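Each position in the sequence shown, counted from 1, maps to that position plus 921 in my numbering. Have a look at the structure below, then the notes.
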Amino acid sequence: MTTRATSGAPGPAGTLGGQVAIYGVAHLAVAALNFMLFPIYARALQPADYGAMSLLATVCSAVSMLGLMGMNNSVQRFFFDERDPAMQQRIWSTGFLASLALTVAAVLVAGLLLWALKDYQPALSGWPAALALAAMVPQIVVIWLQDQARLQFRPLRFATVAVAQAVLGGVAGILFVAVWHWALPGFFAAGLLAAIATALAAMFTARSFWPLTFSRRELRRLIRFGAPFVPAGVFIWLSSAVLRWMLAGSKGLAEAGMFDVAWKLAAPIWMLNIAVGQAFGPYAFRLRAEDPDYRTKLVDALHAIGVVTLFAACGVMLFARELCVWIASAAYELAAGPCGILALGFCFSATHQVTALGIAFTEKSHWVAVGWGGAALASAGLAFWFVPALGASGAAWCVVLAYAGLTFFYAMCTQRLHPLPFRLGPLAVQLALGVLTVAFALTMQRQALSVTAAGIKLLWWVAAAAVLMVWGGVEPRQLVAMLARLPGIAPRRA
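Right, here's the structure in full:
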């Protein structure tokens, strides 16, 4: 069966604004479901359980990184170079089959390593670890099917898969954790069940999944471009794993659990970043191929991404304490500080979508590894001072500084390799507003929860929105046009 051509106009959902809206709704739905589940899980699990989840998450992240081997980035890079749907399918399916085989091998190796370390860290042994690792195999299938939907400008299919998996996992999680009291094994069993069911359903309902073909030539090309992303992935993993393992070692699993809870509560900002990235990646490459004025439009997109992300992050920074108390319980109130700090870090992460484009356009992907290597080393070095002194808040500041340094490094590389007309004024305003807001929010967290305190924070949020609209680098009408009704890409000039 042949696949439908994807090189033509993608339709209404193919504009950047339309795709961001669909991806955003899907990820916000998933985030909303996680918010609804969190109070249920928080009352059935202890902070130390979240610490164990955090450590297992680092192991699963390593498996995912080794399974992908940067080939998903390679497929996105080369997919639109081909106009023949059969060739596009060959590129995608080659990466998918190779990634599936690597994931199975990585799961087996990780299982053996965890078994060997069971006496050193009991939290990484037994049923929770086995179930978490087993879920990685069907999950890699889901990841590749969602990537295929993005490449074909079919955000609705992507959204359906994401929401269905979240709903199924949530229902199973409530049953296993809250009703049957299976604790951590129940949590990971629900994830395994949801991943298997979603992978099977998505695989057999996506007509473009078949036929699967494998090409050694395409594999060599994918690995050649994607290989530099592997060291970058290792550094990304290290920057996260070091923080969590240092927290667990120096402050205990409960403090590591607080950091994990803070990350979950700041997840809406992270989900927004993912939604923007999933829509913006294919769009940016197509914009470059078909619009002669793409550089200016990409910088406008950077300002729009900054305005939207920072506005949402300011809400999380200001009301992090309320989120911790109302959504979870008073036992997790100490996660409020790290939650607000992480929201600022996620703002810096959002800018990577544009600041790293020069590296992608010129295929100098080794600079991604260099950047993440520096960020990981800096984060690890800072962690030795920040984490013992400040605990989870110190780990959050390490994340902020790592993401900030990385976006500045990416911007420098882009200006050297494929310059973009960045405007420093709006970026400086956004940076200053973010730093001032997190400082104000941390100060307000010392005050008792009250209507007056909430009103003051709400006024600050409104003032921040006004500053972004006036000096954020994008006019309100322009922002609405870009995110909601962005016109199609202009044809290439002769």
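Glycine included, each C-beta is placed from N, C-alpha and C at the ideal position. Just so we're clear, the structure is a prediction, and the values are computed from it rather than from any experiment.
In its chain, beyond the 5 residues on either side, H948 and A952 have a beta carbon closer than 6 Å to the beta carbon of M1192. In this structure A1087 is not in contact with L1244, their Cβ atoms being roughly 19 Å apart against a cut-off of 8 Å. Here S975 really is in contact with F1180; their C-beta atoms are around 7 Å apart, less than 8 Å. Excluding its 5 nearest sequence neighbours in each direction, P1309 has C-beta neighbours in its own chain below 7 Å: S1171, listed in chain order.
Within 10 angstroms of the beta-carbon of V1100 lie fewer than 16 other beta-carbons, which makes it exposed. Ranking G1355, F1079 and E1254 by CA distance to the CA of R1367 puts E1254 first. Going by C-alpha positions, M1238 is about 22 Å away from R1165. Taking a cut-off of 8 Å for Cβ pairs, the segment 1331 to 1339 and the segment 1282 to 1293 touch, as three or more such pairs fall below it. The beta carbon of F1109 lies closer than 6 Å to those of P1049, L1052 and A1053 in the same chain, with the five residues before and after it left out. D1005 has its alpha-carbon roughly 48 Å from the corresponding atom of A1316.
Here the alpha carbon of A1290 sits roughly 10 Å from the alpha carbon of A1296. Rounded to whole angstroms, the separation of the alpha carbons of F1206 and M992 is 17 Å. In this chain, the alpha helix (DSSP H) harbouring Q1351 covers L1345 to M1365.
Looking at A1122, T1081, H1102 and Q1073, the one whose alpha-carbon comes closest to that of P1059 is A1122. When Cβ pairs closer than 8 Å are counted between the two stretches, the segment 1156 to 1163 is seen not to touch the segment 1229 to 1238, the count staying below three. In terms of Cβ geometry, T1358 and F1269 do not form a close pair [threshold 8 Å]. According to the DSSP assignment, I1064 belongs to the alpha helix (DSSP H) that extends over M1057 to L1072. Cβ neighbours of A1332 within its own chain (closer than 6 Å, five residues either side excluded): T1276. Cβ neighbours of I1195 within its own chain (closer than 8 Å, five residues either side excluded): Y944 and H948. In this structure, the straight-line span from the alpha carbon of I1190 to that of R1137 is close to 39 Å.
Judged by beta-carbon spacing, G1312 lies within the 8 Å limit of L1168, meaning their Cβ atoms are closer than that value. For a cut-off of 8 Å, the C-beta gap from L966 to L1045 is around 17 Å, too long to register as a contact. Counting along the chain, no alpha helix (DSSP H) covers V1100, and no H or E run does either.
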